[in-house]
Structure formats: structure tokens, C-alpha cells
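Here the structure is laid out as C-alpha cells; the discussion comes afterwards.
In mature numbering (1 follows the signal peptide of the UniProt record, and there is no 0), the protein residues as written are -28 to -1, 1 to 249.
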């Protein structure tokens, strides 16, 4: 996760920076379901140039007339991850499947400023079809191409059996209630549902952390960056960007920071939450 330069000594800064640049050793525990395509919320992705792993936090679709009329744009999806997981726009984004194959699923098309968010375009899968229309009592059919989306707004959350996960539709945004216990869905720590809202640590505010939550259990690890903050029923609350585990102020060890859902959609104007199927 992102660290905070003003909170650490030079020596600690160097150690943390090296740790953040290295792929997470914990990624070996990533479940096969989170390392497959099509992409969903909670899928683990990798920056091809940065070599860093990250988590998909929400799936968007472009708004507007052209998006509705263009077959390729209707099939395209845009996923939000953490900006610190990539180097720059055009960087290819991959899914490392359970059998060790790296599958390129998209590329970075936008970086939020100043927020820790990046937008990745995932093209639809093309296949042939026939478009037919009636003319003077006759049907005329022409070959055409349709594009099937390769990313869906379904989020990994705890299943009925202990240790198992399921996916729920995530098509609404919201804000956590004052006493609500809610979840994160990260590629490494998987589903953590022991979060309650807390104040953003003062030193984090200038680093563009807009909301925070405190856990009664585990905190997020490297590789969880970009994961969804979400209700137990699948309402989208935001994108996780920070973990107090990597803060030199140990009073923040059980706190995570995130960018709230409203700001995520404001950063990427012209997009809306995509369907779950």
C-alpha cells in the first residue's frame, strides 16, 4: 500500500520504498478465482512495467451517445485500481492466472490528479453476428461484429461456508452508516469484514486520503491496493489506497484509508458503474 514520506526517517523510507516496489510475497495465497478472466471486483492484476500487483476496485462503463452507439465501446469496460501500482498511462495490465500464465487484459488510459487512482480500459471480446432488418416485406441480414464485456461489477465477499468466497452484484454506490461494519475485498487478504468508520489520521489528509476505517482484525497488505471498500450486501463505498501497517505511527496500525465512491466517480467524469453481468 502507499506510504507517507513525512512520517518516516530516511532509512525507514528506503526500506519501505524497496518493499513496495517488490511484488508481494503474499500473492502466492491469492485464490484461483481472483486470478482469472473475465475480471471482476477483487481480481488481482499486475502492472507489466511496474511489476506490482494490485486489486480491481470497481468496473465502469463510458457514458454518452457515442458509447451507446459504438459496438466496441458498448463492450469496453474500465476498471479502477490504485495509481501507485503503475508507472504511467499506456502501461499494459495483466492477470497472472493460476497456471502461471500472464494474460494481458487492458492498459492504463488515465491517472487521477492528485488522487491515488488509475483507470484501465479492458476491450470487449469480438465475435461475429448478423444484423437483420425488414425492408419492403423482406428481411435483409448483414454480417456485424459484437463485443462481449470482459469485466463485470461483481465483488468477492464471504460465502456461506467458512473460508469460502462468493461474488455479489456491486452496482450501487453508498456511504457507510455511523455504526456499520463493512468490508474490503483485496487480492491478498481477500474479504475482510471488520471495518468501522473512523477519522482520517491528520498526517494522512495532505496525502489525499478522504475516508478511513478501523479494523478489529487484520489490516490490508501490499497487493490489496485498489480493492473495493464495500458493504456486506455489495454497495460500493470506495477504493482502498492506504494501510496503517506501513505507517511509522503505530497508533494507526489498524487503520486503512480510502477514496470514497463519490470522489472516484468525480475523478473519472463521463463514466458510470457498469452492470454486474
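Every residue gets a Cβ at the ideal spot worked out from N, C-alpha and C, and that includes glycine.
All figures in this text were calculated on a predicted structure; none of them were measured in a lab.
Determine whether the beta carbon atoms of residue i and residue j lie at a separation below 9 Å.
| i | j | result |
| --- | --- | --- |
| residue 102 | residue 116 | yes |
| residue 91 | residue 237 | no |
| residue 20 | residue 95 | no |
| residue 209 | residue 148 | yes |
| residue 180 | residue 88 | yes |
| residue 137 | residue 35 | no |
| residue 16 | residue 159 | yes |
| residue 162 | residue 6 | yes |
| residue 213 | residue 82 | no |
| residue 118 | residue 173 | no |
| residue 239 | residue 84 | yes |
| residue 123 | residue 51 | yes |
| residue 97 | residue 47 | yes |
For the putative contact between residue i and residue j, defined by C-beta atoms under 8 Å, what is the C-beta separation to the nearest angstrom?
| i | j | result |
| --- | --- | --- |
| residue 167 | residue 187 | 5 Å |
| residue 200 | residue 29 | 5 Å |
| residue 154 | residue 204 | 7 Å |
| residue 217 | residue 189 | The pair is not a contact, with the Cβ atoms about 13 Å apart (cut-off 8 Å). |
| residue 49 | residue 246 | 5 Å |
| residue 192 | residue 169 | At roughly 16 Å, the Cβ-Cβ gap does not stay under 8 Å, so residue 192 and residue 169 are not in contact. |
| residue 183 | residue 232 | 5 Å |
| residue 157 | residue 177 | That belief does not hold up - the Cβ atoms of residue 157 and residue 177 are roughly 25 Å apart, past 8 Å. |
| residue 63 | residue 75 | That pair is no contact at about 15 Å. |
Starting from residue i, follow the beta strand (DSSP E) in both directions and report where the run begins and ends.
| i | result |
| --- | --- |
| residue 144 | Note, residue 144: premise wrong, no beta strand (DSSP E); not H, not E. |
| residue 35 | That residue, residue 35, is in no beta strand (DSSP E); it is neither H nor E in DSSP. |
| residue 249 | No beta strand (DSSP E) holds residue 249; DSSP gives it neither H nor E. |
| residue 49 | 49 to 53 |
| residue 209 | 208 to 215 |
| residue 104 | 97 to 107 |
| residue 226 | Neither: residue 226 is in no beta strand (DSSP E) and is coded neither H nor E. |
| residue 66 | 64 to 68 |
| residue 83 | 74 to 83 |
| residue 60 | Run containing residue 60: none; DSSP gives neither H nor E here. |
| residue 91 | 90 to 94 |
| residue 263 | With the chain represented from -28 up to 249, any question about residue 263 goes unanswered, as that position is not in the structure. |
Note the first and the last residue of the continuous alpha helix (DSSP H) segment covering residue i.
| i | result |
| --- | --- |
| residue 21 | From DSSP, residue 21 is part of no alpha helix (DSSP H); its letter is neither H nor E. |
| residue 237 | 233 to 239 |
Would residue i count as contacting chain D if we go by Cβ distances under 9 Å?
| i | result |
| --- | --- |
| residue 79 | Among the protein chains of the structure shown there is no chain D, as only one such chain exists. |
Should the region 8 to 15 be regarded as contacting the region 218 to 226, the criterion being three or more beta carbon pairs within less than 8 Å?
Result no; under three Cβ-Cβ pairs closer than 8 Å.
Decide yes or no for the touch test of the region 57 to 70 against the region 127 to 145: beta carbon pairs closer than 8 Å, at least 3 of them.
Under the 8 Å Cβ criterion, the region 57 to 70 does not count as touching the region 127 to 145, having fewer than three qualifying pairs.
Which runs of the beta strand (DSSP E), 3 residues or longer, sit entirely within the region 120 to 200?
123 to 130, 137 to 141, 154 to 158, 162 to 170, 183 to 187
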